[in-house]
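Single-structure report; data block below.
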Amino acid sequence: EKKGMQTRIEEPLTPSSWRLTPNKVILIVVILLVGAFFGYFYWQYRLLHSPPPLSIENPKDELVTKDLEVAVYGKTDPDVSLTINHEPIVVKKDGKFYKIIGLTEGSNTIAIEATTRVGEKTAVIRRVTKLPIESPNSP
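To convert, take the position in the sequence shown, counting from 1, and add 1367; that gives the numbering used here.
So this is what it looks like as structure tokens:
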């Protein structure tokens, strides 16, 4: 054995004032769970109070046609109430809808509005111009 060599545990130069204890672990887990709980409910609130999606495939805006009617179709959330020119329209389970709208000569405005159960709305306006029908006798 070597003389003068004693084994001893060295103390850190600057002792740490923070140590991980079981109580601190429990506190951290509780804080994370409470944060996740409130985060989830905030996400659900935002989802519930956001306006519904509404995409109109036809007609394109500013359409000019000689046709007597135009097909209005597109897609939205299947749980919304949909109206076209204030008339209720059935939305299929996949969110698609379809309606034939009669046109009058000149400018026609088609208003499509989707409303969620809590009253959030998305509206799209399409303007369609119907040209006069040319009679066969006109020069």
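Note that the Cβ used here is the ideal one computed from N, Cα and C, for glycine as well.
Asked: Outcome for Glu1436 when other beta-carbon atoms lying within 10 angstroms are tallied against a minimum of 16; Found: exposed
Asked: Expected contact under 8 Å - CB spacing of Ser1422 and Lys1442 to nearest Å; Found: 5 Å
Asked: Whole-angstrom distance between Gly1462 and Thr1482, CA atom to CA atom; Found: 13 Å
Asked: Extent of the continuous beta strand (DSSP E) to which Val1439 belongs; Found: Glu1436 to Thr1443
Asked: Whole-number beta carbon distance between Val1458 and Leu1449, since they are thought to touch under 8 Å; Found: 5 Å
Asked: Whole-angstrom C-beta distance between Phe1464 and Ile1477, which should lie under 8 Å; Found: Not a contact, Cβ separation roughly 13 Å.
Asked: 8 Å contact criterion, which Leu1415 and Val1485 should meet: CB distance rounded; Found: 6 Å
Asked: In DSSP terms, what Ala1478 is bridged to; Found: Ile1492
Asked: Leu1415 in three-state terms, based on DSSP; Found: helix
Asked: Pro1420 (DSSP reduced to helix, strand or coil); Found: coil
Asked: CB of Val1495 within 7 Å of CB of Ile1479, strictly; Found: no
Asked: Proximity to Thr1489 [Cα-Cα], best of Pro1419, Glu1429 and Gly1473; Found: Pro1419
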